[in-house]
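**Q** Residue numbers (the working numbering), protein chains in the order written: chain U, 663 to 1049; chain P, 158 to 702; chain F, 130 to 532; chain A, 9 to 239; chain X, 2 to 249.
The beta-carbon is built from N, C-alpha and C at its ideal position, and this holds for glycine as well.
One structure, as structure tokens, below. Some questions next.
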Amino acid sequence: MLLRFFLMGLDRKAGIVLSILAVLAVAVPVMSLWVPADSPFHLSVFTVSLLGKYLCFALLALALDLVWGYCGILSLGHAAFFALGGYAMGMYLMRQIGPRGVYGNPELPDFMVFLNWTELPWYWWGFDQFWFAALMVLVVPGALAFAFGWFAFRSRVTGVYLSIITQALTFALLLAFFRNDMGFGGNNGLTDFKDILGYDIQADTTRVALFVATVAALALSYMIASGVIASKLGKVLVALRDAESRVRFMGYDTESYKLFAWTLSACMAGVAGALYVPQVGIINPSEFAPASSIEAVIWVAVGGRGTLAGGILGAVLVNMGKSYFTGALPELWLFALGGLFVAVTLFLPKGLLGLWGQLTAKLPRRSKATALPGAPTATPTAGQKGA
Amino acid sequence: MRRALRWLMALCVVVATSTAAYAADPRAIDLRPLVQALGSGGYSGTEKALSQLSAAGDPAIVPVIEALQAGDLFVRKADGAVVIARKAGDAYTLTDPLTRAALGDAPAAAVERIRINNALRRAISASLGALTLMSPDAGVRRSAADAVFKSRDASALETLTAAIAKEQDGRIRAAMEQARAAILLTGEAASRMTDADIQAAVDTLAARGDRDALVLLNMVATSGASDITKKSAASAISTVEQKLAFWAALQNLWYGLSLGSVLLLAAIGLAVTFGVMGVINMAHGEMVMIGAYTTFLVQEVFRTYAPGLFDLSILVALPAAFLVSGGVGIAIERSVIRWLYGRPLETLLATWGLSLVLQQAVRSIFGPTNREVGAPSWMSGAFELGGLTITYGRLWIVIFAFAVFAALLVALKRTWFGLSIRAVTQNRPMANAMGIRTARVDALTFGLGSGIAGLAGVALSQIDNVSPNLGQGYIIDSFMVVVFGGVGNLWGTLVGALTLGTINKFLEPYAGAVLGKILVLIFIILFIQRRPRGLFALKGRAVEA
Amino acid sequence: QDTIKVGILHSLSGTMAISETTLKDVMLMLIDEQNKKGGLLGKKLEPVVVDPASNWPLFAEKARELISKDKVSAVFGCWTSVSRKSVLPVFEELNNILFYPVQYEGEESSRNVFYTGAAPNQQAIPAVDYLMEKEQVQRWVLAGTDYVYPRTTNKILEAYLKSKGVKPEDIMINYTPFGHSDWQSIVADIKKFGSGGKKTAVVSTINGDANVPFYKELGNQGVKAEDIPVVAFSVGEEELAGIDTKPLLGHLAAWNYFQSVETPANSDFIKAWKAYTKNDKRVTNDPMEAHYIGFNMWVKAVESAGTTEPDKVIDAMIGVSVPNLTGGYSAMLPNHHITKPVLIGEVQENGQFDVVSKTSGLVPGDEWSDYLPDSKDLIADWRKPMSCGNFNVKTGKCGGKGS
Amino acid sequence: MLDIRSLDLHYGAAQALRGVSMKAEIGKVTCLVGRNGVGKSSLLRAIVGLKPVSGGSIGWDGADVTKMAPADRARRGIAYVPQGREIFPLLTVRENLLTGYAPLPRTQRSIPEEVFELFPVLKSMLDRRGGDLSGGQQQQLAIGRALVTRPRLLVLDEPTEGIQPSIIKDIGRAICYLRDKGTMAILLVEQYFDFARDLADDWVVMERGEVMLSGPRSGLDEQEVRKYLTV
Amino acid sequence: MSAESTLLYLDGVSVSFDGFRALNNLSLVMMPGEMRAIIGPNGAGKTTMMDVITGKTHPDTGTILFEGQTDLTRLREAAIANLGIGRKFQRPTVFEPHTVWDNLELALKAPRRPLKTLTYSISRDDRARIEEILDITRLSALRSRQAGSLSHGQKQWLEIGMLLAQDPKLLLVDEPVAGMTDAETEQTAELLCGIAGKHSVIVVEHDMSFVRALGVKVTVLAEGSVLAEGSLDAVSANSQVIDTYLGR
Ligand SMILES: Nc1ncnc2c1ncn2[C@@H]1O[C@H](COP(=O)(O)OP(=O)(O)OP(=O)(O)O)[C@@H](O)[C@H]1O
Ligand SMILES: Nc1ncnc2c1ncn2[C@@H]1O[C@H](COP(=O)(O)OP(=O)(O)OP(=O)(O)O)[C@@H](O)[C@H]1O
Ligand SMILES: NC(N)=O
Ligand SMILES: [Mg+2]
Ligand SMILES: [Mg+2]
């Protein structure tokens, strides 16, 4: 049954996306670890980590597109789930440092030491175990999303109201995590990680392994998401996106549908955050910033909302652009990026993937007979009658 | 010979300063070395000389001390003479501090300012207070009384008593009596006082009833005074404390109102572009910023061409900011937004892009650092209203916010333009078919919202950074306010802004600013659960469908 | 390769651009001047500017890019502590050099970082001493933005004040969010706290952006320096440039440099800066001086090492001494912090500071605070054979408590 | 006179009108009929300018209005009662009517009495929101709103839909009255055949985006017309 | 009459909006298998009555029982729909991004829980049923068209088809023939008559020939309550009905 579910989502586009990911998962390790450094085909580990980061963002975009593109929930707070997943992983990595911190305290992370904490707070318990942290990567964002969604959807908060309270949520979390009293390292966050699952986090092989893990997570999430969308549940989601009350009058309990997609999406975002942290080496409250969430929305819009592949494409392209411009045009890159966003909205209303759709849709227009599929009683001769 | 010379000199002085008020006083001569001493020995030397000068109690030195306070007192490097110097072009015009005789001009390098630090500033206020208790100017006497109250300078007691006897103005006399009570209760005078005197002083202070009085009363209550006085002090304390608690609550309300007005101003433009037009306008903050920079530019023009009229700069900045931000808004609408009607979510993407561009443009033109926007004198400082301290700047902002709100309300509800705006935003094609020129209405509406944001920028420039990031700080709050109040309802924006402002200000003292803000956000989330369409929800079939 | 590349890692956009852009400019100027003097080791210096956009992970990414792609010899950058924390592992992994020019909370010493800004003992403690002695302050408001630098500094100050016999009820601690703009209640609270009959002062670790509204409110509510002086650690000439300073006369700041200091070196520097920026109104400030010192130290170290190779330069750095702008020489200590004079200035009407106090000698930067229990036994010394950033003098081992 | 010549109209790649030509004369009611989806509403939208055409021309009053914005057509006296009412939902009934002032010079800005005579229910509901009205009430409001503009070409898309019988009769009488004033051309799309038959001076019958029959009622056999309406 | 044996039982239902009484002490009883036509002036409260039954609007007072026992006023829309109450809206509302086929598939009677729909795959019977409905509504040729691009009348038909697909016990049909040609109107009447018997149907319509074709008991609503009830001929003769509704 599970297999059938995954197969259901496998259309041509999914095939392309998954093939690309498979190629990445094979080619990148080969090119960075086995191709000699002076070869033009060599990929530096720096590039691998960068690609890994883009793919984490892609996973976030995918998660966001699932709720925005398919059930019309414009979340301006998805970075919160991303960051929570990241913190769960960051806490594990912090605990892995053990006595190697600057104060050499085997129990407490450095920031707790110099703020005079004497014992590990309860919510840090268990994070020295990878399995526990990995579970929390899903459970914490998922549970928050579930609770938040349960209330919000029951109360029928929709549209901008929902968007803005998701923003309020992430903003509140931002402020809370800023507080040193919270025990998450305040503004400095969690950083200076040493190793993961016993492997040196700086080692090339570890970095490549993290990259491959990211590709795998993205591929799996993509399959889950497209499976969901292709199912009847997916159709219900799309239906309630524009006409929620009509769906209700048809007997569907729309709240549970939204809650399902919302929670699933939050878990995916959490995984994205968890993979992001070891690759960039820091997690700090600014990941909760409303602007981060808005940026994620923008990746989706650039790539093409409501096309899972679009979110991925948008996230990768926008972030590549950002990486490139901030180095190449440090004083002007905002003009370039801002201009890009305006241009995409004006000229590519359906995003980059939509462009592809537009191009393919335009082609047959000239060749094919321009007839409507026909009024109810269309007869072959009807068209020949004159007035 | 020597004697004759001295006579001659004295004569010269008398002749030269025959118009000066204090010249005839023979003690003026004795002051000279003390004045001279102000200029040597660094801060401590100046302080010592100052205390001796004020101990002399001669009103003639008031101008000298005032010059010292204003930073106009210099040492002439050539001969070490202490002079008053005022800048005139590149050079300084020198006058004698005691005789007011003109001493010619000197280049900047030839004089050196007598520097003062905080300790000196305190000493100056104290001595000016004591010296000006008898001033003919009522305002000066009043601040003198306050200064003495603060310094509790026992040496002023005698003058103070004399001044009280002479004082006609009841309010000033009360202030002087309070100052006297303060001296009596705290200095060494306290030990020589009878219970009745103490009682009288306690009553005077209880009548003053503010925090300063409370401190003094506490001293009495914990001092070695008799039990009866202690008791009466204690009861005075509890009365004062009650009064203070009452005023503190009122003060919080005022803070809430004033924060609410700032939120209102920031949000009200958004209530038009977002609330009425449905454009998720992420560039709203940048419109506010442009308004603030317009204020800066207008002030630069005033600073350069008409520094005397600087107080009017804000009044000029208002229309200017409205036009500049409004113009930018119209340009944005015509070039970008108009292609996006019917695709509201995409306005988010485009306006976000625009906000990045605008920020960077301002950063490129004006630089990344803060720009100075000054406050006109009528917006500076504060006044007391009962136990409230109300700053003029905030007061004007409150008034301004309400005025803008009222004007917008009238424009939208009572004019043909307002009706067209609403018709167009509710059903653009149909409005067009009815004969409304939707393109023009759209442009003007977006321009109006942006222009109002620009007005907000003028006001915010008075209390916040004028930097390229200015807008970013307000955009989230603005969206919260509009949504909390109910999208599309101006009254909702008003009540929403004031509510959030007040809640914030009542939470802040207990929870602290950070936690307070978190609590407000949680409050918004919970509130929206109860009222999913905001405080002033639009109701009816059209919205529910 | 005929140039030596120097990385400049300062935010040119986002919230920190307001402070950091100036540091990028001053670095460009210093490099320009050095090139006019003939460059370094016979080669021209080439600045590589990137924009980490006030985004902390991006700092790490850009640091990596500078080091591994652009192959820079050293990087001058960062402002906030979190950005430094973010790039630190990168510099250690790729073994490069970072010059960090901003006053910070201490509690760190990395082999690959040179801290040219003030440690808490080079700014906070002397400022408090000044207030205690010269203003007889007895009550203290420690107001800060809620992040690590103020928290740590206030922790240190609290411990220090208590060690000086200040009672807990005479210390009020207040934290505000970044960019806090409504200071009405807090200023009123400060006034209230200050009207208790004891001389009160405010020690402000409020971060850049929030300062302008804070001072505007102080001015409007009439909190005068004579009554309740405010001494700030993050307010310099740049911040004051955005405010009307008339009502703020006499409020204080503690730094290691003020533009108003009259030394020949400083007036040359100011002149060069104004010429370079083609703007007569541009001001100079403390972190700029830190970069000035750091850059000159690096030049000197490279010259003496004869190479830009990081390991050699790192070793050559210790002991290097260069003139600072306040008339003395600053030296690089084995703990990678430098010696600095501490200056206290009062705000003047013209937006400058009038120096009212200056430490007689130079104060060496103390990376591990003596007032925090877990760090008072730690020292850093990057000379061989110790080569340790957290040597515990009690246990005699490197690595904190040392397992 | 409204004079439409070989009009083409597309939705994306699909063609909804193909070479439609027809006329509507002042002082007459022209009835446009046809089954669902044959393109009646599309034609009306093209006439008022809400849907750009891809070929052909629309002449009104001797001028070519094919490329004109809807607002400018409204200023030339074209008023539209759309299918689905398109009331401004948050405006009150009064404000909905006032939007009809847009194309009028200031001096003519008043609500004609005939609106309230025709639809008395509107008078009692002036201060209710348009969106709250019942379907039929909204339909009445849409017609009333169009009349406020003093149109010379009144384009009605199924105006009787959802309206109670007595008011349908009133609307029929009103259309007659307006026609008889002789200053107005009326183009009526109607599925309710009996109603249309009573009013039509001219018929236009469409099928699959084309005009099948057209002409004055005298020249057309009613059965012929009906044929195009049966399933 | 006891509520037990009834399918739908409304008693004393009142609704007001901002002081305006849309339903005023309305009482109505439907038996299983019954078809009822409801007519009445514009604004009489017909649509509001359907809103109240389907849970869209909460009545201020009154009882609404389904199958004699279930109190509908306590249930949410989805739950009411799952009891077997289907509705066609006055303004056709279909799922515009979906194809005609998908619209029907969504409407088709099948488990409504999320996990069930996640694993749902269409059965042969379901397919046949959809084909049948496409046939009835003459939308077969348009099955893969996006519902959003249908004309007004086509959407009407689709919505009727969706109602049939739901196979509810009680059908609430609001103005089904608006915008239809006379011939289609007749067909619709036949269609509804065919459904009645097995299902109960409430039809609201202003088209008297349609109501006549239905040939069922007619309830006339006016100002939120029942004005008259009986055969069409009987109520058409009622002078009040003529004055307020039919006209002369
Ligand atoms: N927005 C649209 N996008 C795509 N196709 C459309 C759109 N609107 C209408 N159509 C198609 O154009 C054709 C003509 O539609 P139109 O609305 O003009 O029909 P109509 O004659 O008014 O029908 P009805 O009597 O049902 O109102 C139909 O086949 C319809 O499916
Ligand atoms: N949400 C609402 N707010 C205000 N008034 C409402 C609301 N819903 C309905 N009404 C009013 O209640 C009355 C009944 O409306 P309803 O739609 O039920 O009438 P109807 O009988 O269906 O009329 P029609 O035949 O025209 O469709 C109308 O006058 C309408 O204006
Ligand atoms: N290090 C600082 N000032 O953040
Ligand atoms: Mg139609
Ligand atoms: Mg109805």
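Can you list, in chain order, the residues of its chain with a C-beta nearer than 6 Å to that of residue 404 of chain P? Leave out the 5 residues immediately preceding and following it.
**A** Contacts found: 544.
**Q** Give a single yes or no on whether residue 89 of chain X has its beta carbon closer than 6 Å to a heavy atom of ligand 2.
**A** Because no heavy atom of ligand 2 lies under 6 Å away, the Cβ of residue 89 of chain X does not count as near it: no.
**Q** Is the separation between the beta-carbon of residue 439 of chain P and that of residue 611 of chain P shorter than 7 Å?
**A** No, Cβ-Cβ distance for residue 439 of chain P and residue 611 of chain P is not below 7 Å.
**Q** First and last residue of the beta strand (DSSP E) that includes residue 521 of chain F?
**A** Where residue 521 of chain F is concerned, the enclosing beta strand (DSSP E) stretches over 517–521.
**Q** Answer yes if the region 20–36 of chain A comes into contact with the region 167–185 of chain A, meaning at least three C-beta pairs across the two stretches below 8 Å, and no otherwise.
**A** As far as the Cβ criterion goes, the region 167–185 of chain A does not touch the region 20–36 of chain A, which means the pair count is below three.
**Q** Using three-state DSSP, classify residue 1047 of chain U as helix, strand or coil.
**A** The pLDDT assigned to residue 1047 of chain U is 29, lower than 50, so where the model puts this residue is not dependable; a value taken from the coordinates is nonetheless given after this. Coil, per DSSP.
**Q** Taking DSSP as the reference, what is the three-state secondary structure of residue 444 of chain P?
**A** Helix at residue 444 of chain P.
**Q** Any Cβ of chain U within less than 7 Å of the Cβ of residue 651 of chain P?
**A** It does not; no Cβ of chain U falls within 7 Å.
**Q** Leaving out five residues on either side along the sequence, give the residues of the same chain with a beta carbon under 6 Å from the beta carbon of residue 166 of chain X.
**A** Closer than 6 Å at the Cβ level, and outside the excluded window around residue 166 of chain X, lie 105, 108, 109 and 134.
**Q** Taking 6 Å as the cut-off, is the beta-carbon of residue 304 of chain F closer than that to any non-hydrogen atom of ligand 3?
**A** False, no ligand heavy atom lies under 6 Å from that Cβ.
**Q** Once DSSP output is grouped into helix, strand and coil, what is the label at residue 995 of chain U?
**A** Three-state result, residue 995 of chain U: helix.
**Q** Compare the C-beta of residue 125 of chain X with all C-beta atoms of chain U and state if any pair is closer than 7 Å.
**A** No, residue 125 of chain X does not count as interfacial toward chain U.
**Q** Compute the distance between the beta-carbons of residue 946 of chain U and residue 427 of chain F, then report whether it is under 7 Å.
**A** No. Outside cutoff.
**Q** What are the residues in the region 626–653 of chain P lying within 7 Å of chain U by C-beta distance?
**A** Here the close residues are 633, 636, 637, 640 and 644.
**Q** Between residue 149 of chain F and residue 447 of chain P, what straight-line distance do the alpha-carbon atoms span, to the nearest angstrom?
**A** Each residue's alpha carbon lies about 22 Å from the other.
**Q** Could you check the C-alpha separation between residue 1 of chain X and residue 699 of chain U for me, to the nearest Å?
**A** Because chain X in this structure spans residues 2 to 249, residue 1 of chain X falls outside the shown range and cannot be described.
**Q** Within a Cβ cutoff of 6 Å, which residues of the same chain sit near residue 364 of chain F, ignoring the five residues on either side of it in sequence?
**A** Once the five neighbours on either side are set aside, the close Cβ partners of residue 364 of chain F are 340 and 382.
**Q** Need the endpoints of the alpha helix (DSSP H) that residue 769 of chain U sits in, please.
**A** Segment: none, residue 769 of chain U is in no alpha helix (DSSP H) and carries neither H nor E.
**Q** Please tell me whether residue 227 of chain X and residue 236 of chain X are closer than 7 Å, where the distance is taken between their beta carbons.
**A** No.
**Q** Just to check, is the beta-carbon of residue 152 of chain X closer than 6 Å to a non-hydrogen atom of ligand 1?
**A** Checking the Cβ of residue 152 of chain X against ligand 1 gives yes.
**Q** Contact criterion: CB-CB distance below 7 Å. Does residue 1026 of chain U meet it with respect to chain X?
**A** Reliability of the predicted coordinates at residue 1026 of chain U is poor, the pLDDT of 43 falling under 50, and no value is obtained from them.
**Q** Helix or strand or just coil, what does DSSP make of residue 203 of chain A?
**A** In the structure shown, residue 203 of chain A sits in a helix (DSSP, three-state: H, G or I).
**Q** Do residue 467 of chain F and residue 494 of chain F come within 7 Å of each other at the CB atom, strictly closer than that value?
**A** Cβ atoms of residue 494 of chain F and residue 467 of chain F: closer than 7 Å.
**Q** Does the region 155–164 of chain A come close enough to the region 192–208 of chain A that 3 or more CB-CB pairs lie under 8 Å?
**A** The region 192–208 of chain A vs the region 155–164 of chain A: in contact.
**Q** Determine the burial state of residue 841 of chain U: buried for a count of at least 16 other Cβ atoms within 10 Å of its Cβ, exposed for fewer.
**A** Residue 841 of chain U should be labelled buried.
**Q** If you run the structure through DSSP and keep just helix, strand and coil, what is residue 777 of chain U?
**A** Three-state result, residue 777 of chain U: coil.
**Q** Between the Cα of residue 906 of chain U and those of U:894, U:893 and U:920, spot the shortest distance and give me the residue it belongs to.
**A** The option with the nearest alpha carbon to residue 906 of chain U is U:920.
**Q** Using a beta-carbon distance below 7 Å, is residue 100 of chain A in contact with chain X?
**A** No, residue 100 of chain A lies away from the interface with chain X (no Cβ there is under 7 Å from its Cβ).
**Q** Thinking C-beta only, is residue 277 of chain P closer than 7 Å to residue 223 of chain P?
**A** No. Outside cutoff.
**Q** Quick check: what's the CA-CA separation for residue 182 of chain P versus residue 481 of chain F?
**A** Bear in mind that the predicted position of residue 182 of chain P carries a pLDDT of just 49, short of 50, making it too unreliable to give a figure here.
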